[in-house]
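Residue numbers (the working numbering): 2 to 182.
Heads up, the beta-carbon is just placed ideally off N, CA and C, and yes, glycines get one too.
Since the structure comes first, as structure tokens, the remarks are kept for the end.
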């Protein structure tokens, strides 16, 4: 099996929840092409699924060393740092991912960083700005609903969740949130 086929199989196993086999494939990929980032990226994603944040960071460090221009690597590593409450490292990674390609996932994780750093008002202002710039990104509406709900402002939360539901009627999370309000 060639490198691309093995990578595809490893990603498929990861999505199916077969983490042991996905990890084995990540190591095989690293041996096949040690100078490419794909095997290390897969390893980092597997360790995230296993909540092994330090190991994920180590693997993603190696992926970044091989390809410094992939925003997803920084975003994933930032998320691992966030889980370990290494907040400043997380912010640096999210900022780098945003600088590279304006990564929507990194923007969302930056909001999580703000919340964890007790910067709730900054998070609200940031999200409002994101909604103005890209009103079609349903995730920003959901996050804003979550923030309003946590702040005890159920009526405002409802309006954000309802907008998200208009945009993504099948979103189970949004349905659950609206049912609880």
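For residue i, name the three-state secondary structure that DSSP assigns.
i: residue 160; result: helix
i: residue 73; result: helix
i: residue 254; result: Because the chain in this structure spans residues 2 to 182, residue 254 falls outside the shown range and cannot be described.
i: residue 152; result: coil
i: residue 104; result: coil
Is residue j closer than 8 angstroms to residue i when the C-beta atoms are compared?
i: residue 84; j: residue 54; result: yes
i: residue 118; j: residue 81; result: no
i: residue 88; j: residue 124; result: no
i: residue 139; j: residue 96; result: no
Quick test of your reading: residue i and residue j, contact by CB under 8 angstroms. State the CB separation rounded to the nearest angstrom.
i: residue 126; j: residue 107; result: That belief does not hold up - the Cβ atoms of residue 126 and residue 107 are roughly 18 angstroms apart, past 8 angstroms.
At a cut-off of 7 angstroms, would you count residue i as near the ligand NAP, judging by its Cβ distance to the nearest heavy atom?
i: residue 140; result: As far as ligands go, the structure on display features none, and thus does not contain the ligand NAP.
If I measure Cβ to Cβ from residue i and keep anything under 6 angstroms in the same chain, skipping five residues before and after, which residues do I get?
i: residue 183; result: In the structure as shown, the chain begins at 2 and stops at 182. Residue 183 is therefore absent and cannot be evaluated.
Identify, in the order they occur along the chain, each residue of the same chain with its Cβ nearer than 7 angstroms to the Cβ of residue i, setting aside the five sequence neighbours on each side.
i: residue 112; result: 124, 127, 128 and 144
Short of 8 angstroms in beta carbon distance, which residues of its chain neighbour residue i, apart from the five on each side in sequence? Order them along the chain.
i: residue 34; result: 4 and 40
Could you say if the region 55-70 and the region 28-46 meet the contact criterion of at least three C-beta pairs nearer than 8 angstroms? yes
Contact between the region 97-104 and the region 114-131: three or more CB pairs below 8 angstroms? no
Counting Cβ pairs, one atom from each stretch, are 3 or more of them under 8 angstroms apart for the region 132-151 and the region 159-175? yes
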